[in-house]
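S.K.: Counting from 4, one number per residue, gives the positions in the sequence shown under the working numbering.
Note that beta-carbon positions come from the ideal geometry of N, C-alpha and C, so glycine has one too.
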Amino acid sequence: MKYLVAKFKIATSEDLLQVCKDLLADSAAEAGFESFEETQEGLEAYVQKELFDKDALDASIADFPIEGTDISYTIEDAEDKDWNEEWEEQGFDPICVDDQVLIYDAKHPELHPTTSPDHIEIGIEAKLAFGTGNHETTRMIVSTLLNMNLYKMRVLDCGCGTGILGLVASKLGASEVVGYDIDEWSVENAKHNAQLNGVDNLEVYFGNASVINHISGVFDVVLANINRNILIEDMKSFRGVLNEGGYMILSGFYEEDIPVLLEKAKEFGLYESGRRTDNNWACLVLKNK
Numbered sequence: 004m005k006y007l008v009a010k011f012k013i014a015t016s017e018d019l020l021q022v023c024k025d026l027l028a029d030s031a032a033e034a035g036f037e038s039f040e041e042t043q044e045g046l047e048a049y050v051q052k053e054l055f056d057k058d059a060l061d062a063s064i065a066d067f068p069i070e071g072t073d074i075s076y077t078i079e080d081a082e083d084k085d086w087n088e089e090w091e092e093q094g095f096d097p098i099c100v101d102d103q104v105l106i107y108d109a110k111h112p113e114l115h116p117t118t119s120p121d122h123i124e125i126g127i128e129a130k131l132a133f134g135t136g137n138h139e140t141t142r143m144i145v146s147t148l149l150n151m152n153l154y155k156m157r158v159l160d161c162g163c164g165t166g167i168l169g170l171v172a173s174k175l176g177a178s179e180v181v182g183y184d185i186d187e188w189s190v191e192n193a194k195h196n197a198q199l200n201g202v203d204n205l206e207v208y209f210g211n212a213s214v215i216n217h218i219s220g221v222f223d224v225v226l227a228n229i230n231r232n233i234l235i236e237d238m239k240s241f242r243g244v245l246n247e248g249g250y251m252i253l254s255g256f257y258e259e260d261i262p263v264l265l266e267k268a269k270e271f272g273l274y275e276s277g278r279r280t281d282n283n284w285a286c287l288v289l290k291n292k
């Protein structure tokens, strides 16, 4: 498998450099990049040669949300090895959210710390760091769920990835969790992680939001950790299966995207019930009147 490495240089103020690195990694991921290493000046990012989309990468850099930031990059053939496999072998450090949920690497039990019996523990075998709980957007949604009563609730996880959000919902008492993802590997990975954690009320489907049309019934909570454009495009579908008085929890976008998402929400009778921000990432809680 042949990879390219893009070496990014970020010219910005020192206090914004880390935020810019995080935002750039997210933008590059949408252009096909899989693995990232921080450098003093920016990032090194790896992408399969046949999947590299230069136009998408250049467009995301042109639309970079922090004004006054200059991003340049060079690209070259990478050393011939599987960067995802290397990341999997290294594993990830345990992540604790609000001192209540511990997410750990199921492939590396030696990294698992001793925890309180009160902790909800979830083991994940992940292909990429996004979906382990390491990303701000995942943590914000998990934190939001911890402050809700999900007992006997029906939950939909849109773009479920590793299944982490659905697993948390199940552990918090949801009666049924349904997820879907456009990536076949993610679908199988989410099912596998459900088995690892003894969760038997999580169903996962392959496809985009059109999958919703083939799922019977409505949901009390709809989760979607996806980029802004997909959220805007699919919000009507999410709303169509949201129970009266139900909640839609959205993340995967930046603080400056909040107004356009709230404007879209108004079209479907949804109003803001809460929000969180972390390193310029945002999470919105919308309620169905």
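May I ask which residues mark the beginning and end of the alpha helix (DSSP H) holding residue 147?
M.R.: Within the sequence shown, numbered from 1, the residue matching residue 147 stands at position 144. Its alpha helix (DSSP H) spans residues 139-149.
S.K.: Could you say which of 177, 176, 193 lies nearest to residue 184 if we only look at CA atoms?
M.R.: The residue given as residue 184 occupies position 181 in the sequence shown. Of 177, 176, 193, the residue nearest in Cα terms is 193.
S.K.: I'd like to check one pair, residue 222 with residue 246: are the Cβ atoms closer than 9 angstroms?
M.R.: Residue numbering aside, residue 246 sits at position 243 when the sequence shown is read from its first letter. Residue numbering aside, residue 222 sits at position 219 when the sequence shown is read from its first letter. Taking 9 angstroms as the Cβ cut-off, residue 246 and residue 222 qualify as a contacting pair.
S.K.: For residue 293, which residues of its own chain have a beta-carbon under 6 angstroms away from its beta-carbon, when the five flanking residues on both sides are left out?
M.R.: A query on residue 293 cannot be resolved here, the shown segment of the chain reaching from 4 to 292 and no further.
S.K.: Hey, quick one: how far does the beta strand (DSSP E) through residue 184 stretch, first residue to last?
M.R.: Taking the first residue of the sequence shown as 1, we reach residue 184 at position 181. 179-184 is the span of the beta strand (DSSP E), which, as asked, contains residue 184.
S.K.: Just to confirm my understanding: we take residue 52, look at its own chain, exclude 5 residues before and 5 after, and list those with CB closer than 7 angstroms. What are they?
M.R.: For this step, residue 52 is matched to residue 49 along the sequence shown. Cβ within range, chain order: 5, 6, 7.
S.K.: Beta-carbon within less than 6 angstroms of residue 209's beta-carbon, same chain only, minus the 5 sequence neighbours each way: which residues are those?
M.R.: Reading the sequence shown from its first residue, position 206 is the one you call residue 209. Taken in chain order, the residues that qualify are 187, 190.
S.K.: Please state the DSSP three-state secondary structure of residue 285.
M.R.: Walking along the sequence shown from the start, residue 285 turns up at place 282. DSSP places residue 285 in strand when its eight states are reduced to three.
S.K.: Apart from the five residues on each side of it in sequence, which residues of its chain come closer than 6 angstroms, Cβ to Cβ, to residue 224?
M.R.: In the sequence shown, counting from the first residue as 1, residue 224 sits at position 221. Excluding positions up to five away in sequence, the list reads 156, 158, 250.
S.K.: Tell me, to the nearest whole angstrom, how far the beta carbon of residue 27 is from that of residue 11; I am working on the premise that it is less than 8 angstroms.
M.R.: Numbered from 1 along the sequence shown, position 24 holds the residue referred to as residue 27. Numbered from 1 along the sequence shown, position 8 holds the residue referred to as residue 11. Their Cβ separation, rounded to whole angstroms, is 6 angstroms, which keeps residue 27 and residue 11 in contact under 8 angstroms.
S.K.: What residue range is occupied by the uninterrupted beta strand (DSSP E) comprising residue 223?
M.R.: As a first step, residue 223 is located in the sequence shown; it is residue number 220 there, counting from the start. Here the beta strand (DSSP E) through residue 223 covers 222-228.
S.K.: Quick one: residues in its chain with C-beta nearer than 6 angstroms to the C-beta of residue 254, no 5 flanking neighbours on either side, listed in chain order?
M.R.: On the sequence shown, residue 254 is found 251 positions in, with the first residue counted as 1. For residue 254, where only same-chain residues beyond five positions count, the Cβ hits under 6 angstroms are 140, 143, 144, 228, 286.
S.K.: Can you tell me the Cα-Cα spacing of residue 177 and residue 161, whole angstroms?
M.R.: Within the sequence shown, the letter at position 174 stands for residue 177. Within the sequence shown, the letter at position 158 stands for residue 161. Whole-angstrom Cα-Cα distance: 16 angstroms.
S.K.: Going by other Cβ atoms of all chains shown within 10 Å of its Cβ, with 16 needed for buried, is residue 138 buried or exposed?
M.R.: As a first step, residue 138 is located in the sequence shown; it is residue number 135 there, counting from the start. Buried: at least 16 other Cβ atoms inside 10 Å.
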